[in-house]
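Let me begin by presenting the structure, written as structure tokens, before commenting on it.
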Amino acid sequence: MTSTLPTVALIGTCDTKFDELLYVHDKLVQEHGVQCKLIDVGRTPYSHPSIAFSHAEIFGNSGIPPPPDLLALPRGELISTVITHTIPLVQSLYASRAIHAAISLGGSGGSSLGAEVMRAALPLGFPKLIVSTMAAGDVRPYVGESDLAMMHSVVDIAGLNDILMPVLDNAAGAIAGMARAQHARLLREAPPSPSTGLPTSAPGNRRIAITMFGVTTPAVTHARAILSAYPCTTYVFHCSGAGGRALERLAASGFWAGILDLTTTELADALLGGVLSAGDTRLTAAAKARIPQVVSLGALDMCNFGPRSTVPGKYEQRNLFEHNPSMTLMRTSPSDCLTLGKQVAERLKDADPSITEIWIPRRGVSALSVQGAPFCDPDADEALFLAVKDGLKGTKIPVVEDDRDINDPEFVEQMVQRLVGMLNMHILEND
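Here the sequence shown is numbered in my numbering, starting from 868 and rising by one per residue.
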């Protein structure tokens, strides 16, 4: 049963930032009419009536013995230890519906602590906000594959002043509003799935993940249109690195009924040092979780970098294409494609062949590599295709070669129908 009032978990180091934490606490309770549970994750124990979970409670009730020399630990090791002990508490608060949003304040260390706790303990869709001095830079280490939001504090969170207080006012108002939205959602929803922490889907409604990039958008748009006639909900993931990681994380938890993995471009960024890498686990979770998947090679003709000036010098003589002022694409070479094809095969070879297929669009793996386009390179494409086929020989996984490009509507329709068949879905009848 959810709490009577929307409730916010406020995570922070009370020994160093208590004034700022208390300011947010009082704004939430006194101005916004929500409850607040202040969780003290500082190095040194701190005592105050507004603290809902003290230092001793975090370390005494986690079920994990704390190190005997806690206060003497180096800073990095201390943060890791506090994270380990705080995650079970926040997980318990979430599971019992005792909280409806979470907010944290901090610099680099506090932001890292708050972010890791929120990412590990709270599912996608649950409101998470960090007010941080780090929010104006590269926030990927904090956000990861989650939906965590970050707000720049402008000045350090080290004393209340006329710059910081309006920022904290806004943060308190924002998280209070999000907590109300979550509270209302819980009142009308079924309990969350114990495996994913996300709401359970309606009976008979299947969840289908689809991967997309700008250069495969026509394919994904057509796939969604076809699937709209079936009892399923489609979830499109932009292959931004974080998108691929989120898809894999949800696949590992069993969230998906099926995956239409049209766009596997993140493998190229992981191989070549691009900015949109999803890491080394991309294209692995579905096979392990035995989720039906129909895979293609979308946008493996490119690796992504930032502005042209940021492309590594070793790639200056490669085929580069300025997608926009903020994004430069590099054509993958035959050698790159050979390696990428081997990776695709290696990651799929142990999948169940009855629920796994790989589709090869021989006329182009993206809008940029069709005949006459800037990345048209038959030698590179052939290296990719041959490596996939050779790597999957003897596995019984179907490899379907098609003489169309990836955005061709008929190519897309056939891929979709293969996934539909694996899932035994039937077109919905109109009332």
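All C-beta atoms in this analysis are idealised placements derived from N, C-alpha and C, irrespective of residue type, glycine included.
So residue i and residue j are supposed to be a Cβ contact under 8 angstroms. How far apart are they, rounded?
i: S1163; j: L1129; result: 5 angstroms
i: L1215; j: A1250; result: About 18 angstroms; that fails the 8 angstroms criterion.
i: G981; j: I997; result: 5 angstroms
i: S1233; j: T1083; result: 6 angstroms
i: R1352; j: G992; result: Summary: the structure shown does not reach residue 1352, with the chain confined to residues 868 through 1298, and so no result is reported for it.
i: I1222; j: P1159; result: 4 angstroms
i: H922; j: F885; result: In fact, because the Cβ distance is near 12 angstroms, the residues do not count as touching under 8 angstroms.
i: A969; j: V875; result: 7 angstroms
i: C1304; j: M1289; result: There is no way to answer for residue 1304, as the model of the chain reaches only from 868 to 1298.
i: L1139; j: D1203; result: 6 angstroms
i: G1299; j: F1172; result: Residue 1299 cannot be examined here, being either before or after the span of the chain that is shown, 868 to 1298.
i: D1023; j: G974; result: 7 angstroms
i: I931; j: V908; result: Contact doesn't hold; Cβ gap of about 15 angstroms is too wide.
i: P873; j: R1047; result: 5 angstroms
i: D1272; j: R1230; result: 4 angstroms
i: P934; j: T948; result: 6 angstroms
i: Q1049; j: P1085; result: In fact, because the Cβ distance is near 36 angstroms, the residues do not count as touching under 8 angstroms.
i: I1077; j: L1143; result: That belief does not hold up - the Cβ atoms of I1077 and L1143 are roughly 17 angstroms apart, past 8 angstroms.
Which partner residues does residue i have in the DSSP bridge list?
i: A969; result: A876 and K995
i: Q1160; result: I1126 and T1223
i: R1293; result: Note on residue identity: the sequence assigns His, not Arg, to residue 1293. The partner list for H1293 (beta bridge, DSSP) is empty, contrary to what the question assumes.
i: G1165; result: T1130
i: A1016; result: L996
i: K1155; result: Answer by DSSP bridge pairing: none, since K1155 is not bridged.
i: K904; result: A876
In this structure, does DSSP put residue i in helix, strand or coil?
i: D1298; result: For D1298, the pLDDT reaches just 49, beneath the cut-off of 50, and the residue's location in the model is therefore unreliable, leaving the point undetermined.
i: H899; result: coil
i: F885; result: helix
i: T871; result: coil
i: F926; result: helix
i: G1302; result: What the structure shows of the chain is the stretch from 868 to 1298, and residue 1302 is not part of that stretch, so it cannot be assessed.
i: P1228; result: strand
i: V1103; result: strand
i: M1079; result: strand
i: H915; result: coil
i: R1073; result: strand
i: A1002; result: coil
i: G1146; result: coil
Using a beta-carbon distance below 8 angstroms, is residue i in contact with chain C?
i: H1089; result: This model lacks chain C altogether; it includes just one protein chain.
Looking at the ligand SAH, does it come within less than 7 angstroms of residue i, judged from the CB to the closest heavy atom?
i: C1170; result: Annotation note on the ligand SAH: not contained in the displayed structure, which lists no ligands.
task = Would you check if the segment 1170 to 1184 and the segment 1220 to 1230 touch, i.e. whether three or more CB-CB distances between them fall below 8 angstroms?
result = With the cut-off at 8 angstroms, the segment 1220 to 1230 and the segment 1170 to 1184 do not touch.
inquiry  = Please give me, in chain order, every unbroken run of the beta strand (DSSP E) with length at least 3 that falls completely inside the segment 1230 to 1289.
reply    = Correct list: 1266 to 1269.
request  = Check whether the segment 1008 to 1018 touches the segment 1099 to 1116, counting contact only when three or more Cβ pairs, one atom from each stretch, lie closer than 8 angstroms.
outcome  = A contact exists between the segment 1008 to 1018 and the segment 1099 to 1116.
ask   = Using 8 angstroms as the Cβ pair cut-off and three pairs as the minimum, do the segment 893 to 912 and the segment 1000 to 1008 touch?
value = By the Cβ criterion, the segment 893 to 912 is not in contact with the segment 1000 to 1008, since fewer than three pairs of Cβ atoms, one from each stretch, lie closer than 8 angstroms.
query = For the segment 983 to 992 against the segment 937 to 956, are there 3 or more C-beta pairs whose distance is under 8 angstroms?
reply = A contact exists between the segment 983 to 992 and the segment 937 to 956.
ask   = In chain order, which continuous runs of the beta strand (DSSP E) of length 3 or greater are located wholly inside the segment 1167 to 1221?
value = If we require 3 residues or more, the beta strand (DSSP E) runs fully inside the segment 1167 to 1221 come out as 1169 to 1172, 1187 to 1191 and 1194 to 1198.
ask   = If we count Cβ pairs, one from each stretch, closer than 8 angstroms, do we get three or more for the segment 1182 to 1193 versus the segment 1141 to 1161?
value = These segments do not touch.
Cβ contact (3+ pairs, closer than 8 angstroms) linking the segment 938 to 950 and the segment 1018 to 1029 = Taking 8 angstroms as the limit for Cβ pairs, the verdict is that the segment 1018 to 1029 does not touch the segment 938 to 950.
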